[in-house]
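Peer 1:
Residue numbers (our numbering): 4 to 126.
(1) Is it the case that the stretch 56 to 70 contacts the stretch 32 to 47, given that we only count it when at least three CB pairs across the two stretches are under 8 Å?
(2) How many Å lie between residue 121 and residue 77 at the Cα?
(3) By the three-class DSSP mapping on this structure, what secondary structure does residue 83 have?
(4) So, using beta-carbon positions, are residue 118 and residue 82 closer together than 8 Å?
(5) Using only alpha-carbon positions, find the residue among 87, 56, 110 that is nearest to residue 99.
(6) State the beta-bridge partners of residue 64 as determined by DSSP.
(7) Within its chain, find whatever has a CB closer than 7 Å to the CB of residue 111; leave out the 5 residues flanking it on each side and keep chain order.
(8) For residue 114, which residues in the same chain have their Cβ closer than 6 Å to its Cβ, ignoring the five residues on either side in sequence?
(9) Could you spell out where the alpha helix (DSSP H) holding residue 54 opens and where it closes?
(10) For residue 71, count the other beta carbons within 10 Å of its own beta carbon; 16 or more makes it buried, fewer makes it exposed. Which is it?
(11) Rounded to whole angstroms, what's the CA-CA distance from residue 125 to residue 90? Just pull it up for me.
(12) Closest by CA to residue 56, which one among 116, 84, 108?
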């Protein structure tokens with residue numbers, strides 16, 4: 004008895020499910036160099052509190068120009084919670100009071116440059 008070959012059919016393999024990223028949509032990953040900069044900036048404390056004359060070491064990293072553009076993780080400021088996000092404490096927060104924040108503390112890019120100058124002096 005002669006065997007006949009089976010007809011080949013087009014077979015589309017299912018792609019493995021994409022690995023879920025922990026990043027938000029289009030957000031750039033943080034490099035080790037950027038992370039090291041953030042650590043150094045955090046050591047300065049909140050730049051707005053510093054301008055108000057006191058030291059607050061409890062900071063988060065605020066992105067001045069979003070999280071998706073090239074170099075976005077280098078344009079950052081160390082800000083305490085009340086100066087970063089409005090929490091009702093009376094501090095002028097960059098979110099949502101950007102114009103008021105900049106009127107009191109200066110333009111965000113100028114603050115970035117101030118932070119970098121301080122870090123340079125600390126070397």
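Note that CB positions come from ideal geometry on N, CA and C, so glycine has one too. Here the structure is a predicted model, which means the values were calculated and not measured.
Peer 2: If we stick to the structure as given:
(1) yes
(2) 15 Å
(3) strand
(4) no
(5) 87
(6) 81
(7) 67, 80, 105
(8) 50, 80
(9) 50 to 54
(10) exposed
(11) 32 Å
(12) 108
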